[in-house]
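Colleague: First the structure, then my questions, so here it is.
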Ligand SMILES: [Zn+2]
Ligand SMILES: [Zn+2]
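Residue numbers (this note's numbering): 959 to 1292.
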């Protein structure tokens, strides 16, 4: 199965955390956490359509300015999500600059900012050409655990305890559409951008009796198919991909339960492991996990793969100890 998402951590494990999640074959990506992103190629940063900030400690939010700077003057809507008080923090950032020339840009950048509370979310919009003054009052909507939905995937969040609210995040593809090469060959169809439209039609639950036109490069007219019969010949549906991201959380019972619920059966769990188990007391005081706790949570959630990150600098040159401890706990509790 070729995954739809190809996630990667934006920095090494001792530097600011963050997960970049580009979409296969699409010029688009999600970002979990907005720490220092200056090491990322700008072409990747510009793919980001939705950025989710777990909490606004500096190491998770300092990249906001750089992201905004790259996107200024582009025709783009950037959606930003964060925990309680996030709107205040974004407005604080925006009010730190003078925007007197912002209405001169040809293309309008729009920010859609959403903050998450236990049972509702608040959203507010800002346009570059209005010098990022908010457009009206914040709009309130119910929150049922799913933060954002599209036909092909959704993003769930759990509000975790890091002394402050901190979001645990999970992206889940509804199902996966695998393209069968032999099927394409039989119909004399070449792979191309039309496959993205084809998959979108399946995800949108378009009537399977509808017509679907395949436009191949260099051919003046498209080939028409019935969507359902085309799907039968060229596609196989398998369970969707699930990727979860947990960072900056204390190990306690409520967090434990919420993390297992959110991350259960993930294909890949990215989970912080700031400390070694021998320094468990300090981990508790700083509201972070140990590598042992991270490995145990990964095992109990039944994830297929996991990666630890966000190491304390006290373990510089000793990262092997963290990896080893996490893996030992994973094997023990799996
Ligand atoms: Zn942190
Ligand atoms: Zn933190």
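Ideal Cβ placement from N, Cα and C applies to all residues, glycine included.
No experiment lies behind these values; they were computed from the predicted model shown.
So residue 1063 packs on residue 1030, CB below 8 Å; how close in whole Å?
Modeller: What you label residue 1063 is simply residue 105 of the chain shown in a count that begins at 1. What you label residue 1030 is simply residue 72 of the chain shown in a count that begins at 1. Between residue 1030 and residue 1063 the Cβ distance is about 7 Å, and since that is below 8 Å, they are a contact.
Colleague: Cβ of residue 994 within 8 Å of Cβ of residue 1021?
Modeller: On the chain shown, residue 994 is found 36 positions in, with the first residue counted as 1. On the chain shown, residue 1021 is found 63 positions in, with the first residue counted as 1. It is a contact, given that the beta carbons lie within the stated cut-off.
Colleague: Under the rule that 16 or more other beta-carbon atoms within 10 Å means buried, what is residue 1249, buried or exposed?
Modeller: By 1-based counting over the chain shown, the position of residue 1249 is 291. Result: buried.
Colleague: Using C-beta distances below 8 Å, list every residue in its chain close to residue 1242, excluding the 5 sequence neighbours before and after it, in chain order.
Modeller: Position 284 of the chain shown, counting from 1, holds the residue named residue 1242. Excluding residues within five positions, the ones whose Cβ falls inside 8 Å are 1208 and 1209.
Colleague: Less than 7 Å separating the Cβ of residue 1263 from some heavy atom of ligand 2?
Modeller: For this step, residue 1263 is matched to residue 305 along the chain shown. Residue 1263: no, Cβ never under 7 Å from ligand 2.
Colleague: Residue 994: beta carbon under 7 Å from a heavy atom of ligand 1?
Modeller: Along the chain shown, read from residue 1 onward, the residue named residue 994 stands at position 36. No; taking the cut-off as 7 Å, the Cβ of residue 994 has no heavy atom of ligand 1 nearer than that.
Colleague: What are the complete beta strand (DSSP E) segments, minimum 3 residues, inside the stretch 1085-1133?
Modeller: As far as the stretch 1085-1133 is concerned, its whole beta strand (DSSP E) runs of at least 3 residues are 1097-1100, 1104-1107, 1111-1120 and 1122-1131.
Colleague: Could you tell me which uninterrupted beta strand (DSSP E) segments, each at least 3 residues in length, are contained entirely in the stretch 977-1064, listed from first to last along the chain?
Modeller: Entirely contained in the stretch 977-1064, the beta strand (DSSP E) runs reaching 3 residues are, in chain order, 977-980, 987-990, 1006-1010 and 1034-1041.
Colleague: Based on Cα-Cα distance, which residue from 1238, 1261 and 1259 lies nearest to residue 1283?
Modeller: By 1-based counting over the chain shown, the position of residue 1283 is 325. Among 1238, 1261 and 1259, the Cα nearest to that of residue 1283 belongs to 1238.
Colleague: By a C-beta neighbour count over all protein chains shown, 10 Å radius and 16 as the cutoff for buried, is residue 1058 buried or exposed?
Modeller: Against the chain shown, residue 1058 aligns to sequence position 100. Burial call: exposed.
Colleague: Grab me the residues of residue 1038's own chain with a C-beta within less than 6 Å of its C-beta, minus the 5 sequence neighbours each way, in chain order.
Modeller: Position 80 of the chain shown, counting from 1, holds the residue named residue 1038. So the list reads 1009 and 1071, once near-sequence residues are dropped.
Colleague: Note the first and the last residue of the continuous alpha helix (DSSP H) segment covering residue 1252.
Modeller: As a working mapping, residue 1252 is identified with position 294 in the chain shown. Residues 1249-1258.
Colleague: So what does DSSP say about residue 1282, is it helix, strand or coil?
Modeller: On the chain shown, residue 1282 is found 324 positions in, with the first residue counted as 1. Residue state, collapsed to three classes: helix.
Colleague: How many whole angstroms separate the CB atoms of residue 1060 and residue 1082, which I take to be in contact at a CB cut-off of 8 Å?
Modeller: Numbered from its first residue, the chain shown carries residue 1060 at position 102. Numbered from its first residue, the chain shown carries residue 1082 at position 124. About 17 Å separates the two Cβ atoms, so there is no contact after all.
Colleague: Are three or more beta carbon pairs between the stretch 1180-1195 and the stretch 1072-1091 nearer than 8 Å?
Modeller: Judged by Cβ distances under 8 Å, the stretch 1180-1195 makes no contact with the stretch 1072-1091, as fewer than three pairs qualify.
Colleague: Could you check if residue 1001 is buried or exposed, using at least 16 other CB atoms within 10 Å of its CB as the buried criterion?
Modeller: For the purposes of this step, residue 1001 is identified with residue 43 of the chain shown, where counting begins at 1. Label assigned to residue 1001: exposed.
Colleague: Hey, would you say the C-beta of residue 1275 is under 7 Å away from at least one heavy atom of ligand 1?
Modeller: On the chain shown, residue 1275 is found 317 positions in, with the first residue counted as 1. No, Cβ of residue 1275 sits at least 7 Å from all heavy atoms of ligand 1.
Colleague: Of all the options 1048, 1114 and 1098, which has the alpha carbon lying nearest to the alpha carbon of residue 1104?
Modeller: The sequence position of residue 1104 within the chain shown is 146, counting from 1. Residue 1104 has its Cα closest to that of 1114, out of 1048, 1114 and 1098.
Colleague: For residue 1061, is the beta carbon positioned less than 7 Å from some heavy atom of ligand 1?
Modeller: In the chain shown, counting from the first residue as 1, residue 1061 sits at position 103. Incorrect: residue 1061 has no Cβ contact closer than 7 Å to ligand 1.
Colleague: Taking 7 Å as the cut-off, does the CB of residue 975 come closer than this to any heavy atom belonging to ligand 1?
Modeller: Start at 1 with the first residue of the chain shown, and residue 975 comes out as number 17. Under cutoff, so the answer is yes.
Colleague: Let me know the secondary structure DSSP gives residue 1208 once reduced to three states.
Modeller: Taking the first residue of the chain shown as position 1, residue 1208 is located at position 250. Three-state DSSP puts residue 1208 in coil, outside helix and strand.
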